Amino acid sequence: MSDSSFGKGCHLHLIDGSAFIFRAYHALPPLTRKSDGLPIGAVSGFCNMLHRYVEGNTGPDAPTHVAVIFDKGSHTFRNDMYDQYKANRDAMPEDLRPQIPLTRRATEAFNIACKEKEGYEADDIIATLAVQARAAGGRCTIISSDKDLMQLVGDGVEMLDAMKNKRIDREGVFEKFGVYPDRVVDVQALAGDSVDNVPGAPGIGIKTAALLINEYGDLEALLERAEEIKQPKRRQTLIDHAEQIRLSRRLVLLDENTPLDFTLDDLEVRDPLPDQLMPFLAEMEFRTLTKRIADHLDVEMPEIDDTPASAPDAPEIEDVPFDKEGYEMVGDSAALQSRIDRIYELGYVAVDTETTSLDEMRADLVGISLCVEPGSACYIPLTHKAHRGDDLFGSDDLAEGQMALEEALSMLKPVLEDPSILKIGQNMKYDAKIFAQAGIDVAPIDDTMLMSYAMHAGLHGHGMDALAERYLGHTPIPIKPLLGSGKSAITFDKVPLEDAVPYAAEDAEITLRLWQQFKPSLHRAQVTRVYETMERPLVPVLAAMERTGIEVDRDTLSRMSNAFSQKMAGLEDEIYGVAGRKFNVGSPKQLGEILFDEMALEGGKKGKTGAYATGADVLEDLATEHELPRLILDWRQLSKLKSTYTDALQDHINPDTGRVHTSYSIAGASTGRLASTDPNLQNIPIRTEEGRRIREAFVAGEGKTLVALDYSQIELRILAHIADIPALKQAFADGQDIHAMTASEMFDVPMDEMTPDVRRRAKAINFGVIYGISGFGLARNLRIPRSEAQGFIDRYFERFPGIRTYMDDTKAFAKENGYVETLFGRRIHTPNITDKGPRAGFAQRAAINAPIQGTAADVIRRAMIRMPAAIRDLPAKMLLQVHDELLFEVEQGAEDDLITAARDVMENAADPVVKLDVKLTVDAGQGANWAVAH
DNA sequence: GACATCACG
DNA sequence: GACGTACGTGATGTCC
Numbered sequence: 001m002s003d004s005s006f007g008k009g010c011h012l013h014l015i016d017g018s019a020f021i022f023r024a025y026h027a028l029p030p031l032t033r034k035s036d037g038l039p040i041g042a043v044s045g046f047c048n049m050l051h052r053y054v055e056g057n058t059g060p061d062a063p064t065h066v067a068v069i070f071d072k073g074s075h076t077f078r079n080d081m082y083d084q085y086k087a088n089r090d091a092m093p094e095d096l097r098p099q100i101p102l103t104r105r106a107t108e109a110f111n112i113a114c115k116e117k118e119g120y121e122a123d124d125i126i127a128t129l130a131v132q133a134r135a136a137g138g139r140c141t142i143i144s145s146d147k148d149l150m151q152l153v154g155d156g157v158e159m160l161d162a163m164k165n166k167r168i169d170r171e172g173v174f175e176k177f178g179v180y181p182d183r184v185v186d187v188q189a190l191a192g193d194s195v196d197n198v199p200g201a202p203g204i205g206i207k208t209a210a211l212l213i214n215e216y217g218d219l220e221a222l223l224e225r226a227e228e229i230k231q232p233k234r235r236q237t238l239i240d241h242a243e244q245i246r247l248s249r250r251l252v253l254l255d256e257n258t259p260l261d262f263t264l265d266d267l268e269v270r271d272p273l274p275d276q277l278m279p280f281l282a283e284m285e286f287r288t289l290t291k292r293i294a295d296h297l298d299v300e301m302p303e304i305d306d307t308p309a310s311a312p313d314a315p316e317i318e319d320v321p322f323d324k325e326g327y328e329m330v331g332d333s334a335a336l337q338s339r340i341d342r343i344y345e346l347g348y349v350a351v352d353t354e355t356t357s358l359d360e361m362r363a364d365l366v367g368i369s370l371c372v373e374p375g376s377a378c379y380i381p382l383t384h385k386a387h388r389g390d391d392l393f394g395s396d397d398l399a400e401g402q403m404a405l406e407e408a409l410s411m412l413k414p415v416l417e418d419p420s421i422l423k424i425g426q427n428m429k430y431d432a433k434i435f436a437q438a439g440i441d442v443a444p445i446d447d448t449m450l451m452s453y454a455m456h457a458g459l460h461g462h463g464m465d466a467l468a469e470r471y472l473g474h475t476p477i478p479i480k481p482l483l484g485s486g487k488s489a490i491t492f493d494k495v496p497l498e499d500a501v502p503y504a505a506e507d508a509e510i511t512l513r514l515w516q517q518f519k520p521s522l523h524r525a526q527v528t529r530v531y532e533t534m535e536r537p538l539v540p541v542l543a544a545m546e547r548t549g550i551e552v553d554r555d556t557l558s559r560m561s562n563a564f565s566q567k568m569a570g571l572e573d574e575i576y577g578v579a580g581r582k583f584n585v586g587s588p589k590q591l592g593e594i595l596f597d598e599m600a601l602e603g604g605k606k607g608k609t610g611a612y613a614t615g616a617d618v619l620e621d622l623a624t625e626h627e628l629p630r631l632i633l634d635w636r637q638l639s640k641l642k643s644t645y646t647d648a649l650q651d652h653i654n655p656d657t658g659r660v661h662t663s664y665s666i667a668g669a670s671t672g673r674l675a676s677t678d679p680n681l682q683n684i685p686i687r688t689e690e691g692r693r694i695r696e697a698f699v700a701g702e703g704k705t706l707v708a709l710d711y712s713q714i715e716l717r718i719l720a721h722i723a724d725i726p727a728l729k730q731a732f733a734d735g736q737d738i739h740a741m742t743a744s745e746m747f748d749v750p751m752d753e754m755t756p757d758v759r760r761r762a763k764a765i766n767f768g769v770i771y772g773i774s775g776f777g778l779a780r781n782l783r784i785p786r787s788e789a790q791g792f793i794d795r796y797f798e799r800f801p802g803i804r805t806y807m808d809d810t811k812a813f814a815k816e817n818g819y820v821e822t823l824f825g826r827r828i829h830t831p832n833i834t835d836k837g838p839r840a841g842f843a844q845r846a847a848i849n850a851p852i853q854g855t856a857a858d859v860i861r862r863a864m865i866r867m868p869a870a871i872r873d874l875p876a877k878m879l880l881q882v883h884d885e886l887l888f889e890v891e892q893g894a895e896d897d898l899i900t901a902a903r904d905v906m907e908n909a910a911d912p913v914v915k916l917d918v919k920l921t922v923d924a925g926q927g928a929n930w931a932v933a934h
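Just so we're aligned, residue 1 is where the first sequence starts under UniProt numbering, counting upward by one.
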């Protein structure tokens, strides 16, 4: 190596460190260090890549200088220019975070210069060094495939895609951008970048951008002469967004003058020093790699001690039997402190809370259980009462031997909030909400229920008992005998400590064991991304929404209840008169007997239980024959509205907050949809005028407005994309009425002669397709002969052949693999797909529907996860989700800002993972109550 | 606790 | 040729 300074004949290699890390992380399963469980997969991959890189550096083209460049800090000067810069990036996976510093150490261990600078991106440092190298007359190779670096290429600067081993020169850049490197930033400024959240010009992509730049020379010339553009839409876009485009250019333009405290000469290539490298590899416990590098360097393989530090002679995890004797009660701060110390040694802990209620908003914390290793779980009782609930003199005295609640929480708060300690739970949303009541913001978290959901949706439920049984072969201690049931049931704070400790501690241990089993399986099941990006991050978002709740006006509901009561009473009198006697109108059994036995109406069909069917469709048909069915239908509607809504909702108004707090189950629906319970706020009436008025009781708080945003026809749009139906895609692109278009296509009716009835039929068919259409089902829905319905379907398939292909392919895929997948990789298992006979149809239709419904569910999940950051600076809160709709509450005056921000997130929620052929559009409404806002 | 019914997307 | 069917949910009331 020469001692002369960097100049002609020198060759600088700049490695994009972050790219290496992410590639290593995603390429490898989540390995952990054997002695202590530290996640180490990305470091392992990183070292492998560095080693391969060093090995490959021979021959005439070898570098004389080299550095690995890292990002540092999340805030850069670009965030000062534009606060949304990179704002929609997913958070770094929790098991990657602790590995980042280790990759720096790895680089140094390989004796390679390692550089970073606070407030600057790695790309800026790379730009600065590349320009310096060029100015000094040397060459530079940037090892990265990041397109943001392509602006640097030329005059001795090239890029190397290490993955594909492909060099990128000026021509390569032209291939990618349609312009040479000096105009790349102009093209990027126009096209924007959804990954970095660079806005660019709406509707202009790289192709159009390159076209414009090549025509006008450069960006400024283009913007100055924008008036000359022939296409009106494009012209207007450029005029309207000129400032946004200029901002975008500043965002993508790399800073070639980053102040650096080193020079190129400091980057001279150095041979690895075995004394530095081998101890590091040994510390990481990389057996294979250490051996390989030791051989390569011709040194002795160092000792690797990977015996688990915790328990040197501990048997394998699976061998520890469940043993409630090992469960301890923690009753003082010294005992708790030693548990906390252990948590810090390992970096994770399974947590479970015991409370007085399943309703998190009304529940009081009773105790906390912790577990860091099988066999030694503990329970910290906090507010257990001294006497059983059935004690004649049950008092409020606390049981003895418990820690003070405040003391325990103040000791645990730093642990629960520590970003370096992973908190593992089963249905963590529940525990997080309980802790939130105490002002503790639990993070980061893992959730075994959600891991199971990501891996096993469609196979079985994901409750703790089911998972323990199935995956641990263990039956948990049942809660029933402890709490009793019915009227004599007691709350957990009344359970004696000797019973509470084993029950509670076992839950934490089960959770930990499930986690140990599930964590590495996620990767094998290829659902890590689903779990990390669409399940886990949703937990805090939903917890916040549920805790916020929505204001519901009790008086409005109460008045409606009274009105319904009166109407029902009147109807009952009429019904008894027509029927000839009194009976329970709410009893389908009695009604069936009246209609079909006593009154002997036609069309009585008995179901499998022997009772007559009296559903709405049956009564609807009978209504032409007799007046009774209509009266019953009217009564039933009122009865439903009263009992399920106007009465029940009042009971759900939380006395403390005056609001209604639903709970969303994340792992309930197999397709990825959420489900709302206690109360269900996803089925508030809207289809009938009378029911719709119930939404008037859902109101905005004082000085606020409710804003509703809903995806327009999201499932049909997704169908158009997945089944690749050009006519459907075109219709959406043109903003056409999709049902009218289908009708026109199918029934040869021109669009301007469309009748509501023809459109209605087409609409039914469109929905039928999403549900896995059958002639029988469509016939029943449209009340037409089955043969006619079948004719429609045949015609539909003829006009849109892609649909049939999609259905056949999906069924075949499900049979082959036992699951189907959404566009985002969510898997829905289809264990019944092999059914024979009459049941076969069910599983097939479900398999056809699941990718469509599931993809729509994924989209809105992604939007919800990004929403808090997007509306962070607005006085607005997200309140509810109803499958394709999000409801917000916003301070008056900020409605439009909220709509703009939220719509943007929703419409772009598929990016960047999926590029939909059909754009998603979102309709917005606002008002003082939900009836108006929707 | 099963079943029928009906509210929503 | 017959099977019996639209997909996904949750809450309520009746009846056993």
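No residue lacks a Cβ here, since even glycine has one placed at the ideal position from N, Cα and C.
If you're wondering where the values come from, they're calculated on a predicted model, not measured in any experiment.
Quiz item: What did DSSP end up calling residue 712 once you bin it into helix, strand or coil?
Solution: For this step, residue 712 is matched to residue 712 along the first sequence. Note: residue 712 maps to coil in three-state DSSP.
Quiz prompt | Top-ranked residue by Cα proximity to residue 514, from 868, 470 and 365 | solution = Within the first sequence, residue 514 is the residue found at index 514, counting from 1. Among 868, 470 and 365, the Cα nearest to that of residue 514 belongs to 470.
Exercise. Quick one: residues in its chain with C-beta nearer than 7 Å to the C-beta of residue 96, no 5 flanking neighbours on either side, listed in chain order?
Key: Here residue 96 is taken as the residue at index 96 of the first sequence, counted from 1. Contacts found: 25 and 42.
Practice problem: Return the CA-CA distance between residue 235 and residue 16, expressed in angstroms with no decimal places. | Solution: To locate residue 235, count along the first sequence from 1; it is residue 235. To locate residue 16, count along the first sequence from 1; it is residue 16. The alpha-carbon atoms of residue 235 and residue 16 are separated by roughly 38 Å.
Quiz item: By DSSP, does residue 310 sit in helix, in strand, or in coil?
Solution: Position 310 of the first sequence, counting from 1, holds the residue named residue 310. With a pLDDT of 49 at residue 310, under the threshold of 50, the modelled position of that residue is not reliable, and no figure is offered here.
Quiz item: Exposed or buried, which one is residue 415 when buried takes at least 16 other CB atoms within 10 Å?
Solution: As a first step, residue 415 must be located in the first sequence, where it is residue number 415. The residue is buried, with at least 16 neighbouring Cβ atoms inside 10 Å.
Self-check item: Cutoff 8 Å; reference residue 346; Cβ partners in own chain excluding five residues on either side
Solution: What you label residue 346 is simply residue 346 of the first sequence in a count that begins at 1. Cβ within range, chain order: 36, 37, 310, 372 and 373.
Quiz item: How would you write the range of the beta strand (DSSP E) that residue 423 sits in, first residue to last?
Solution: The sequence position of residue 423 within the first sequence is 423, counting from 1. Run containing residue 423: 422-425, per the beta strand (DSSP E) assignment.
Exercise. Mind listing, in chain order, the continuous beta strand (DSSP E) runs of no fewer than 3 residues lying wholly within the stretch 34-79?
Key: Within the stretch 34-79, complete beta strand (DSSP E) segments of at least 3 residues are found at 65-69, given in chain order.
Quiz item: Any idea if residue 760 is buried or exposed, counting beta-carbon neighbours within 10 angstroms, 16 or more meaning buried?
Solution: Here residue 760 refers to the residue found at position 760 of the first sequence. It counts as exposed.
Quiz item: Helix, strand or coil: how does DSSP classify residue 315 here?
Solution: Sequence index remark: in the first sequence, residue 315 carries index 315 (1-based). At residue 315 the pLDDT is 38, less than 50, meaning the model places this residue with poor confidence; the figure from the coordinates comes in the next sentence. In this structure, residue 315 counts as coil in the three-state DSSP scheme.
Quiz item: Helix, strand or coil for residue 89 per DSSP?
Solution: For the purposes of this step, residue 89 is taken as residue 89 along the first sequence, with counting starting at 1. In the displayed model, residue 89 falls within coil according to three-state DSSP, outside both helix and strand.
Quiz item: Is residue 372 helix, strand or coil when you go by DSSP?
Solution: Walking along the first sequence from the start, residue 372 turns up at place 372. Residue 372 falls in the coil class under three-state DSSP.
Practice problem: Check whether the Cβ atoms of residue 348 and residue 421 sit closer than 8 Å, and answer yes or no. | Solution: Within the first sequence, residue 348 is the residue found at index 348, counting from 1. Within the first sequence, residue 421 is the residue found at index 421, counting from 1. Their beta carbons are under 8 Å apart, which means residue 348 touches residue 421 by this criterion.
Exercise. Could you please give me the residues that DSSP links to residue 924 through a beta bridge?
Key: On the first sequence, position 924 is the one that residue 924 refers to. Under DSSP, residue 924 takes part in a beta bridge, and its partners are 709.
Quiz item: If you draw a straight line from the C-alpha of residue 172 to the C-alpha of residue 182, how long is it?
Solution: Counting from 1 along the first sequence, the entry for residue 172 is found at position 172. Counting from 1 along the first sequence, the entry for residue 182 is found at position 182. One C-alpha to the other measures close to 13 Å.
Quiz item: For the beta strand (DSSP E) that contains residue 684, what are its first and last residues?
Solution: Numbered from its first residue, the first sequence carries residue 684 at position 684. Careful: residue 684 lies outside any beta strand (DSSP E) and carries neither H nor E.
Practice problem: Count the other CB atoms, across all protein chains shown, that sit within 10 Å of the CB of residue 587; report buried if there are 16 or more and exposed otherwise. | Solution: One-based indexing of the first sequence puts residue 587 at position 587. Burial is judged here by how many other beta carbons sit within 10 angstroms of a residue's own beta carbon; residue 587 has fewer than 16 and is exposed.
Quiz item: Around the C-beta of residue 312, are 16 or more other C-beta atoms found within 10 angstroms, so that it is buried, or is it exposed?
Solution: Taking the first sequence and counting its residues from 1, one reaches residue 312 at position 312. In this prediction, residue 312 scores a pLDDT of 39, lower than 50, which makes its location untrustworthy; no coordinate-derived value is stated.
Quiz item: What residues are listed by DSSP as bridge partners for residue 353?
Solution: For this step, residue 353 is matched to residue 353 along the first sequence. When DSSP reads this structure, residue 353 sits in a beta bridge with 368.
Exercise. Can you tell me which of the three DSSP states residue 935 falls into?
Key: The displayed coordinates of the chain run from 1 to 934. Any statement about residue 935 would go beyond what the structure contains.
Quiz prompt | Beta-carbon proximity list for residue 802, same chain, < 7 Å, skipping 5 on both sides | solution = Position 802 of the first sequence, counted from the start, is the residue given in the question as residue 802. The beta carbon of residue 802 sits closer than 7 Å to those of 723, 724 and 725, all from its chain and outside the five residues before and after it, given in chain order.
Self-check item: Selection from 709, 522 and 475 that minimises the alpha carbon distance to residue 453
Solution: Here residue 453 refers to the residue found at position 453 of the first sequence. Distance from the Cα of residue 453 is smallest, within the candidate group 709, 522 and 475, for 522.
Quiz item: Does DSSP put residue 337 in a helix, in a strand, or in coil?
Solution: Taking the first sequence and counting its residues from 1, the one referred to as residue 337 is at position 337. The answer is helix: DSSP assigns residue 337 an H, G or I state.
Exercise. Within the stretch 871-918, note down every full alpha helix (DSSP H) run reaching 4 residues or more, in order along the chain.
Key: Counting only runs of 4 or more residues that sit fully inside the stretch 871-918, the alpha helix (DSSP H) segments are 895-907, in chain order.
Exercise. Starting from residue 182, follow its DSSP beta bridges and name the residues at the other end.
Key: On the first sequence, residue 182 is found 182 positions in, with the first residue counted as 1. Looking at the DSSP assignment, residue 182 forms no beta bridge with any residue, so it has no partner.
Self-check item: 7 Å CB neighbourhood of residue 430 in its chain, flanking five on each side removed
Solution: Within the first sequence, numbered from 1, the residue matching residue 430 stands at position 430. Same-chain partners within the cutoff: 360.
Exercise. Could you name the residues that DSSP lists as bridge partners for residue 161?
Key: Looking up residue 161 in the first sequence gives position 161. Per DSSP, the beta-bridge partners of residue 161 are 166.
Quiz item: How is the alpha helix (DSSP H) around residue 8 delimited, first residue to last?
Solution: Working through the first sequence from its first residue, we reach residue 8 at position 8. Residue 8 -> no alpha helix (DSSP H), and no H or E assigned at all.
Quiz item: Can you tell which of 823, 254, 9 and 46 has the C-alpha that lies nearest to the C-alpha of residue 21?
Solution: In the first sequence, the residue the question calls residue 21 occupies position 21. That would be 46, whose Cα lies nearest to the Cα of residue 21.
Quiz item: Is the beta carbon of residue 678 less than 8 Å from the beta carbon of residue 663?
Solution: Within the first sequence, numbered from 1, the residue matching residue 678 stands at position 678. Within the first sequence, numbered from 1, the residue matching residue 663 stands at position 663. Here residue 678 is near residue 663, since their CB atoms are less than 8 Å apart.
Quiz item: DSSP beta-bridge partners for residue 766?
Solution: Mapped onto the first sequence, residue 766 falls at position 766. Beta-bridge pairing links residue 766 to no other residue.
Quiz item: Is residue 819 buried or exposed, if buried means 16 or more other CB atoms sit within 10 Å of its CB?
Solution: Residue 819 sits at position 819 when you count from the first residue of the first sequence. Looking at its Cβ environment, which holds 16 or more other Cβ atoms inside 10 Å, residue 819 is buried.
Self-check item: Coarse secondary structure for residue 939, derived from DSSP in three states
Solution: Lying outside 1 to 934, the shown extent of the chain, residue 939 is not represented and no answer is given.
Exercise. Have a look at 844, 826 and 828 and flag the residue whose alpha-carbon is nearest the alpha-carbon of residue 834.
Key: For the purposes of this step, residue 834 is taken as the residue at position 834 of the first sequence. Checked all of 844, 826 and 828; the closest Cα to residue 834 is 844.
Quiz prompt | Reduced DSSP secondary structure (H/G/I, E/B, other) of residue 859 | solution = Along the first sequence, read from residue 1 onward, the residue named residue 859 stands at position 859. Residue 859 sits in a helix when the DSSP states are folded into three classes.
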